[in-house]
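Here's the structure we're looking at; comments come further down.
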Amino acid sequence: MKTIETIHELRTALKSRRQGTIGFVPTMGYLHQGHLSLVERAKQECDTVVMSIFVNPLQFGPGEDLDRYPRDLKRDQALAEAAGVDFLFHPSVSEMYPTEPLTQVHVEKVTERLCGASRPGHFAGVATVVTKLFHIVAPDRAYFGMKDAQQVAVIEQMVHDLHFPVTIVPCPTVREPDGLALSSRNVYLSPEEREQALVINRTLREVEQKWTQGHFTSADELAQFVRERIQTAPLADIDYAEVLTYPRLEKPSAAWKEQRLIVAVAVRFGKTRLIDNVLLDGRGEKSCSEQ
Ligand code: AMP
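In my numbering, each residue carries its 1-based index in the sequence shown increased by 1.
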């Protein structure tokens, strides 16, 4: 595996690989099995795998965790190499933003709710950096985790609207054996917060089961159930718990049971904000992207 820090060097290195397919896994590093599952999928489907590690300042708001976001390049290099990454792109902030950027990519509507509402500017930062990375790497396929389901919806919309010649591959959420979704931010949790955070996955699994059994009479009732269950954990501070259509992320209609739905939550435990979701399809079965 080669670690590359400049755009020019990466473009040059990829030139000789373009007769085969290039798979791309963008990350912010501090790698875990969730990231590595994306690499594994990319390895199965592509000749060359590029991973980026870049903590993108543009997608962090004031007062968010940009400065304390966990970083460990040596450890990440070892994990990425063992997983079979061919090129690890690790640019500096000044390499990616040599001057103040005056151009940003704004995706409308799908960014209005959920994390888009509680983190203003976040998805413009994401869409902008992913656009830049797509222009630099020019991948055939790019791999994203469904833990960040709204991010997948935003990127798919952007790729569609702007005719990016790339296939977006959504991949299932990888969890700890006890159900907690893997996240680089899990290291912030105290043992007590970590224990109580299990309420998120427990609630989503219960919802899935109850929904399959036709337990809920409306999307509002379902969302209320989620809020009540999560609030049973004393340290849980709910940012949002919503039921929306997926991928448009709109309020479900009266025929909500026929729609593909997402139950999405963001919950703070102390200073740590965790997100998770489950997709429910119109027939009371688990959606294919969650299998
Ligand atoms: P991040 O480093 O948090 O920006 O994540 C980089 C990529 O890994 C994104 O596409 C995430 O959705 C994905 N990812 C993060 N956590 C998980 C997980 N637990 N399972 C699957 N994919 C994940």
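Beta carbons: idealized from backbone N, C-alpha and C, even for Gly.
Computed from a predicted model, the values in this text were never measured in an experiment.
Beta bridge counterpart(s) of A81 as assigned by DSSP
Locating residue 81 in the sequence shown gives position 80, where the first residue counts as 1. Note: A81 sits in no beta bridge, so no partner.
Suppose contacts are defined by Cβ-Cβ distances below 8 Å. Is V131 in contact with I156 by that definition?
Mapped onto the sequence shown, residue 131 falls at position 130. Mapped onto the sequence shown, residue 156 falls at position 155. Yes; because the gap between Cβ atoms is below 8 Å, this pair is in contact.
Closer than 7 Å: is that where the CB of H123 sits relative to any heavy atom of the ligand AMP?
Numbered from 1 along the sequence shown, position 122 holds the residue referred to as residue 123. No, the beta carbon of H123 sits no closer than 7 Å to any heavy atom of the ligand AMP.
Counting contacts by CB-CB distance shorter than 8 Å, is F124 in contact with chain B?
Although the question refers to chain B, the structure presented lacks it and comprises just one protein chain.
Around the Cβ of L103, are there at least 16 other Cβ atoms within 10 angstroms (buried) or fewer (exposed)?
Taking the first residue of the sequence shown as position 1, residue 103 is located at position 102. Burial call: exposed.
For T273, I'd like the list of residues in its chain whose CB is within less than 6 Å of its CB, leaving aside the five on either flank, ordered along the chain.
One-based indexing of the sequence shown puts residue 273 at position 272. Once the five neighbours on either side are set aside, the close Cβ partners of T273 are R186, Y189 and L190.
Check this for me: beta carbons of Q158 and V127, under 8 Å apart or not?
Here residue 158 is taken as the residue at index 157 of the sequence shown, counted from 1. Here residue 127 is taken as the residue at index 126 of the sequence shown, counted from 1. With contacts defined as CB atoms closer than 8 Å, Q158 and V127 fail to qualify as a contacting pair.
M147 to P58, Cα distance in whole Å?
Indexing the sequence shown from 1 puts residue 147 at position 146. Indexing the sequence shown from 1 puts residue 58 at position 57. In this model, M147 and P58 are separated by some 22 Å (Cα to Cα).
Is Q151 near the ligand AMP, judged by its Cβ being under 7 Å from some heavy atom?
Taking the first residue of the sequence shown as 1, we reach residue 151 at position 150. It does not: the Cβ of Q151 is nowhere closer than 7 Å to a heavy atom of the ligand AMP.
Where S53 falls: helix, strand or coil (DSSP)
For the purposes of this step, residue 53 is identified with residue 52 of the sequence shown, where counting begins at 1. Taken through DSSP and simplified to helix, strand or coil, S53 comes out as strand.
Which class does F217 belong to by DSSP, given the choice of helix, strand or coil?
Here residue 217 refers to the residue found at position 216 when the sequence shown is read from its first residue. Reduced to three states, the DSSP call for F217 is coil.
Using alpha carbons as the reference points, say which of V56, R76 and Q78 lies closest to Y98.
Translated into the one-based positions of the sequence shown, residue 98 becomes position 97. Sorting V56, R76 and Q78 by C-alpha distance to the C-alpha of Y98 places V56 at the top.
Report the residue from A79, T7 and D162 whose alpha carbon sits nearest the alpha carbon of F90.
Your numbering for residue 90 matches position 89 in the sequence shown. Comparing Cα-Cα distances from F90 to each of A79, T7 and D162, the minimum goes to T7.
Following the continuous alpha helix (DSSP H) through Q35, name the residue where it begins and the one where it ends.
Walking along the sequence shown from the start, residue 35 turns up at place 34. Note on identity: in this sequence residue 35 is Gly, with Gln being the wrong assignment. Q34 to E46 is the span of the alpha helix (DSSP H), which, as asked, contains G35.
Below 8 Å, can you find three or more Cβ-Cβ pairs linking the segment 28-46 to the segment 67-85?
Contact annotation: the segment 28-46 touches the segment 67-85, with at least three C-beta pairs closer than 8 Å.
Of all the options D282, D240, D77 and A265, which has the alpha carbon lying nearest to the alpha carbon of R120?
Counting from one through the sequence shown, the residue named residue 120 turns up at place 119. Nearest option by C-alpha distance: D240.
Beta-carbon proximity check, D141 vs I23, cutoff 8 Å
Here residue 141 refers to the residue found at position 140 of the sequence shown. Here residue 23 refers to the residue found at position 22 of the sequence shown. The Cβ-Cβ distance between D141 and I23 falls below 8 Å.
Just to check my reading of the structure: Q60 and H123 have Cβ atoms closer than 8 Å, yes? What is that Cβ distance to the nearest angstrom?
Translated into positions along the sequence shown, residue 60 becomes position 59. Translated into positions along the sequence shown, residue 123 becomes position 122. Between Q60 and H123 a beta carbon distance of about 5 Å is seen, short of the 8 Å cut, so the two are scored as contacting.
beta-carbon H91 near the ligand AMP non-hydrogen atom, thresh 7 Å
The residue you call residue 91 lines up with position 90 of the sequence shown. No, the ligand AMP has no heavy atom inside 7 Å of this Cβ.
Applying the criterion that 16 or more other CB atoms from any shown protein chain within 10 Å of the CB defines a buried residue, is S95 buried or exposed?
The residue given as residue 95 occupies position 94 in the sequence shown. Under this definition S95 is an exposed residue.
Less than 8 Å between the CB atoms is what I'm expecting for L250 and L262, so what's the real figure, rounded?
Mapped onto the sequence shown, residue 250 falls at position 249. Mapped onto the sequence shown, residue 262 falls at position 261. Not a contact, Cβ separation roughly 10 Å.
Continuous beta strand (DSSP E) stretch holding F25: start and end
Here residue 25 corresponds to residue number 24 of the sequence shown, with the count starting at 1. For F25, the enclosing beta strand (DSSP E) begins and ends at I23 to T28.
Contact test: K44 Cβ vs the ligand AMP heavy atom, cutoff 7 Å:
What you label residue 44 is simply residue 43 of the sequence shown in a count that begins at 1. Answer for K44: no, Cβ out of range of the ligand AMP.
Tell me the residue span of the alpha helix (DSSP H) that contains R195.
Here residue 195 corresponds to residue number 194 of the sequence shown, with the count starting at 1. P192 to Q197 is the span of the alpha helix (DSSP H), which, as asked, contains R195.
For S53, count neighbouring C-beta atoms within 10 Å of its own C-beta (all shown protein chains included) and say buried if the count is 16 or more, exposed if not.
Taking the sequence shown and counting its residues from 1, the one referred to as residue 53 is at position 52. Result: buried.
Does the Cβ-Cβ distance between A198 and L181 come in under 8 Å?
As a first step, residue 198 is located in the sequence shown; it is residue number 197 there, counting from the start. As a first step, residue 181 is located in the sequence shown; it is residue number 180 there, counting from the start. Taking 8 Å as the Cβ cut-off, A198 and L181 qualify as a contacting pair.
Use the C-beta contact count for L163: other C-beta atoms within 10 angstroms, 16 or more gives buried, fewer gives exposed.
Looking up residue 163 in the sequence shown gives position 162. Under this definition L163 is an exposed residue.
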